[in-house]
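Heads up, the thing below is written out as structure tokens.
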Amino acid sequence: MNSEYDILLVEDSEEDRELATHVLRKEKLANQIFTARDGEEALDFVFCTGPFSERRCDQLPKLILLDLKLPKVDGIEVLRKIKSDPRTKVIPVVIMTSSREERDLVNGYHLGANSYIQKPVDFQQFREVVKQVGLYWLVTNQAPVSEEHAAASGA
Amino acid sequence: MSGTAVARTPAPPGTPGEVLRALIVEDSSSDVELMVRELGLGGFEVSYNVAQSEAEFRALVRANSYAIVLADFSLPQWRGLEALRVLAEEELDTPLILVSGTVGDLSAVECIKQGVSDYILKDRLARLPAAVRGALEEQRLRQERKCAQDDLAQKAHELARSNQELEQFAYVASHDLQEPLRMVAAYTELLAERYQGKLDAQADKYIHYAVDGARRMQTLIQDLLAFSRVGRQEMELSVVNFENVVDLAIANLQTAIVENKVVIKREALPSLAAVQSLMVQVFQNLISNAIKFRSSSTPCIEVKAEKSWGGWMFSVADNGIGMAPGYCEEIFVIFKRLHTQQEYTGNGIGLALCRKIIERQGGKIWVTSEPGKGSIFRFTLPGATTG
Amino acid sequence: MKILMVDDNPADIDLVNEGLRRCGAKVELCAIHDGIEAVELLRGLETASLVRLILLDVNLPKVNGQAVLRQIKNDPILRRVPVVMFSTSRAARDIRGSYESGANSYVVKPGGLKDFLSAVRSLSSYWLECAILPAGSEHG
Chain U
0 MNSEYDILLV EDSEEDRELA THVLRKEKLA NQIFTARDGE EALDFVFCTG PFSERRCDQL
60 PKLILLDLKL PKVDGIEVLR KIKSDPRTKV IPVVIMTSSR EERDLVNGYH LGANSYIQKP
120 VDFQQFREVV KQVGLYWLVT NQAPVSEEHA AASGA
Chain X
0 MSGTAVARTP APPGTPGEVL RALIVEDSSS DVELMVRELG LGGFEVSYNV AQSEAEFRAL
60 VRANSYAIVL ADFSLPQWRG LEALRVLAEE ELDTPLILVS GTVGDLSAVE CIKQGVSDYI
120 LKDRLARLPA AVRGALEEQR LRQERKCAQD DLAQKAHELA RSNQELEQFA YVASHDLQEP
180 LRMVAAYTEL LAERYQGKLD AQADKYIHYA VDGARRMQTL IQDLLAFSRV GRQEMELSVV
240 NFENVVDLAI ANLQTAIVEN KVVIKREALP SLAAVQSLMV QVFQNLISNA IKFRSSSTPC
300 IEVKAEKSWG GWMFSVADNG IGMAPGYCEE IFVIFKRLHT QQEYTGNGIG LALCRKIIER
360 QGGKIWVTSE PGKGSIFRFT LPGATTG
Chain C
0 MKILMVDDNP ADIDLVNEGL RRCGAKVELC AIHDGIEAVE LLRGLETASL VRLILLDVNL
60 PKVNGQAVLR QIKNDPILRR VPVVMFSTSR AARDIRGSYE SGANSYVVKP GGLKDFLSAV
120 RSLSSYWLEC AILPAGSEHG
């Protein structure tokens with residue numbers, strides 16, 4: 000079954016994963032959301048390797064929500080790999096993290112992250128931020144898709 | 000050593016003469032005479048040169064144009080088969096016939112595989128004229144085919160250029176035409192907001208016409224572009240889940256559905272090869288029409304699919320106002336409408352677009368309807384199901 | 000807080016201003032028609048630190064939008080400012096090309112007034128209130 004994924008959500012906290020997915024679905028912002036638990040799974044998904052070698056790699060997700068602190072391969076490395084491959088560098092990547100560290104911020108931008116969001120600790124605020132992010136990147140923003148897609152997904 | 004004898008044999012009485020320019024690769028002058036004589040008996044008027052080495056051969060093919068090469072397999076200085084290589088290097092299509100006593104370690108089949116048109120044994124020279132005719136005919140056909148291919152290639156190139164021009168036009172139309180229109184639309188609306196009710200009733204009416212006109216024109220240009228795009232673009236088929244498609248179309252029409260309390264029933268739908276975004280457009284158009292042309296009862300729309308016609312047949316049925324059977328074909332014609340703008344809005348492109356999309360994917364679309372009894376739009380798509 | 004808008008269409012600049020006014024965004028809109036001037040303006044240090052967002056049209060006279068984009072993104076200081084391509088063009092090559100040249104985002108200018116103002120609201124609320132920028136910028 001080849002459905003286009005709107006979003007790749009890379010988050011190791013199960014709670015945050017479920018909450019984000021729930022908000023995006025409830026607000027009807029995204030139909031197809033793929034969640035990856037760690038950097039390795041995320042990269043395999045994006046590059047259609049390992050357990051995802053059956054995936055059609057001509058369909059890019061419209062948005063990648065990327066947590067920085069991940070097991071196996073960390074967020075910065077995932078970002079670096081995605082932004083250095085010509086096939087995938089155009090995918091909008093929004094970094095979501097609880098870390099306020101400056102280095103991460105600057106690194107994120109140096110490697111071409113499209114945007115940087117701080118995850119609120121507060122449950123309700125987190126929901127609101129996810130909704131805002133979803134609204135902007137999936138509705139307002141124009142992801143790099145083919146022209147016919149752009150025309151058909153209409154008003 | 001080298002022979003450049005040019006001789007003319009008289010055509011046998013009664014046989015129509017054909018002038019054959021031949022290049023003969025042969026070191027025995029008596030064998031040359033035999034070949035020429037045999038050709039003469041076969042109805043050819045032969046004008047020939049003889050070559051015995053690669054250098055001579057090359058010089059002669061460069062200096063003259065020959066219809067045929069007759070080559071002995073082995074000469075003291077050269078192998079007749081090598082002549083093929085020289086011809087290829089000189090980019091000549093001249094057919095070569097091996098005339099030989101022996102072929103050494105190569106079989107006749109092998110020679111033909113290497114590009115020899117025919118192979119004649121010297122004690123069967125009587126076959127030579129027929130072989131020459133055969134080789135010349137083959138060459139003629141080859142050249143005809145090449146001409147046709149070149150022609151085709153040129154037409155394909157022109158088509159590609161023409162398509163590119165069309166695409167350029169569509170891009171220009173899309174951007175340049177819409178730009179001033181966007182300004183008109185936005186600012187008439189701003190005017191409306193600012194002055195509605197503050198000037199007189201006449202002014203309100205004028206502003207309303209301007210706003211409405213600009214909006215309709217924007218929709219028209221977008222629809223026209225969509226229509227032309229479908230005609231031109233490659234249909235990139237992929238496996239599409241039609242349940243997703245219909246759900247997407249419904250999501251896009253959410254406002255109208257909620258406003259008009261529309262009930263939509265969707266049965267199980269298959270997955271088929273199609274272009275997803277275009278199919279979403281088709282369902283969006285059909286459902287939007289069903290909502291637009293609703294009757295006074297609660298709008299109810301049913302989407303179904305059944306196996307049929309070697310593929311699948313989808314149907315979108317409504318309980319709207321319907322139309323006279325006589326119009327069922329006309330409404331698919333571009334710009335054709337059955338109502339005035341006052342009665343129902345629209346530009347008459349929607350169904351023409353649906354038809355184009357369906358037909359370009361190998362299907363057919365039609366409608367059955369009666370006034371007051373609603374309409375059923377059906378369309379087919381070819382292809383086996385998966386999943 | 001400033002938004003820099005690089006666009007040669009004064010009508011669109013007015014529309015964006017109207018949109019910002021309507022959603023009550025506490026931000027000043029600086030508009031420049033020329034891409035080269037825009038980059039020069041940005042290089043004036045005090046201005047750059049206050050610019051939270053750049054709205055950049057694709058089709059500009061003299062130097063086109065993507066070239067301006069590249070200049071901004073190749074500059075080690077300026078690259079921090081988010082650049083949103085704001086254009087009527089839906090052409091795949093413009094969209095993809097912009098992302099490839101480092102655009103943070105691409106928004107197609109909507110055709111209708113309501114949608115246009117809505118897009119402006121979405122742009123300002125996301126980039127000014129939701130997103131975080133590297134050190135040196137005001138937050139909130």
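Protein chains in written order, with numbering that gives the first Met the number 0: chain U, 0 to 154; chain X, 0 to 386; chain C, 0 to 139.
Note that beta-carbon positions come from the ideal geometry of N, C-alpha and C, so glycine has one too.
Along the chain, where does the beta strand (DSSP E) that runs through residue i open and close?
i              : result
residue 117(U) : 114–117
residue 375(X) : 374–381
residue 33(U)  : 32–35
residue 316(X) : 310–317
residue 367(X) : 364–368
residue 118(X) : 117–120
residue 98(X)  : 95–99
residue 94(C)  : No beta strand (DSSP E) holds residue 94(C); the alpha helix (DSSP H) holding it covers 91–99.
residue 7(U)   : 6–9
What residue does the alpha helix (DSSP H) around residue i start on, and which one ends it?
i              : result
residue 108(C) : Premise fails: residue 108(C) is in no alpha helix (DSSP H) and is neither H nor E.
residue 59(X)  : 53–62
residue 179(X) : 177–194
residue 110(X) : 107–113
residue 35(X)  : 28–40
residue 83(U)  : 74–83
residue 42(U)  : 38–46
residue 25(U)  : 13–25
residue 3(C)   : Note, residue 3(C): premise wrong, no alpha helix (DSSP H); beta strand (DSSP E) at 1–5.
residue 350(X) : 349–359
residue 86(U)  : Per DSSP, residue 86(U) belongs to no alpha helix (DSSP H) and is neither H nor E.
residue 126(U) : 122–133
Count the other C-beta atoms from every protein chain shown that fall within 10 angstroms of the C-beta of residue i, then say buried if there are 16 or more, exposed otherwise.
i              : result
residue 109(X) : exposed
residue 118(X) : buried
residue 177(X) : buried
residue 23(C)  : exposed
residue 194(X) : exposed
residue 341(X) : exposed
residue 10(U)  : buried
residue 14(X)  : Any reading at residue 14(X) must be qualified, since the residue scores a pLDDT of 40, below 50, and its modelled position is unreliable; the value itself is stated next. Classification of residue 14(X): exposed, given that the 10 Å Cβ count is below 16.
residue 334(X) : exposed
residue 296(X) : exposed
residue 114(U) : buried
residue 154(U) : Caution is warranted here: a pLDDT of 26 is assigned to residue 154(U), below 50, making its placement in the model unreliable, and the coordinate value is therefore given only provisionally. Residue 154(U) comes out exposed.
residue 60(C)  : exposed
residue 343(X) : exposed
DSSP beta-bridge partners for residue i?
i              : result
residue 218(X) : Its beta-bridge partners do not exist; DSSP assigns none.
residue 21(X)  : 47(X) and 67(X)
residue 140(U) : Paired residue(s): none; residue 140(U) is not in a bridge.
residue 240(X) : 270(X)
residue 229(X) : DSSP lists no partner for residue 229(X).
residue 96(U)  : 117(U)
residue 299(X) : 262(X)
residue 305(X) : 312(X)
residue 104(C) : 83(C)
residue 66(U)  : 95(U)
residue 78(X)  : 73(X)
Quick one: does residue i have its CB under 8 Å from some CB of chain D?
i             : result
residue 27(U) : In the displayed structure, chain D is absent; the protein chains listed are U, X and C.
List, from N- to C-terminal side, the beta strand (DSSP E) runs of 3 residues or more that fit wholly inside the segment 245–297 of chain X. Correct list: 262–265 and 270–273.
Taking only runs that begin and end inside the segment 17–88 of chain C, name each unbroken beta strand (DSSP E) of 3 or more residues, in chain order. 27–31, 50–55 and 82–86
Evaluate contact between the segment 48–63 of chain U and the segment 81–96 of chain U, counting only Cβ atoms and requiring at least three cross-stretch pairs below 8 Å. yes
Is the segment 70–86 of chain U in contact with the segment 116–134 of chain U, if contact means three or more CB pairs nearer than 8 Å? Under the three-pair Cβ rule at 8 Å, the segment 70–86 of chain U does not count as touching the segment 116–134 of chain U.
Is there contact here, the segment 20–40 of chain U with the segment 132–147 of chain U, by at least three beta-carbon pairs under 8 Å? yes
Please confirm if the segment 222–239 of chain X is in contact with the segment 346–353 of chain X, defined as three or more CB-CB distances below 8 Å between the two stretches. yes
Using a Cβ distance threshold of 8 Å, determine whether the segment 77–90 of chain X contacts the segment 45–53 of chain X, with at least three qualifying pairs required. yes
Answer yes if the segment 240–260 of chain X comes into contact with the segment 205–218 of chain X, meaning at least three C-beta pairs across the two stretches below 8 Å, and no otherwise. no
Closer than 8 Å is the cut-off here; do at least three beta carbon pairs connect the segment 6–13 of chain C with the segment 303–311 of chain X? no
For the segment 31–42 of chain C and the segment 365–385 of chain X, state whether three or more C-beta atom pairs, one from each stretch, are separated by less than 8 Å. No, the segment 31–42 of chain C is not in contact with the segment 365–385 of chain X.
Is it true that the segment 287–303 of chain X meets the segment 259–274 of chain X, where meeting means three or more beta-carbon pairs spaced less than 8 Å apart? yes
For the 8 Å Cβ check, are there 3 or more pairs between the segment 119–134 of chain X and the segment 93–102 of chain X? yes
Is the segment 17–24 of chain X touching the segment 41–50 of chain X, taking contact as three or more C-beta pairs under 8 Å? yes
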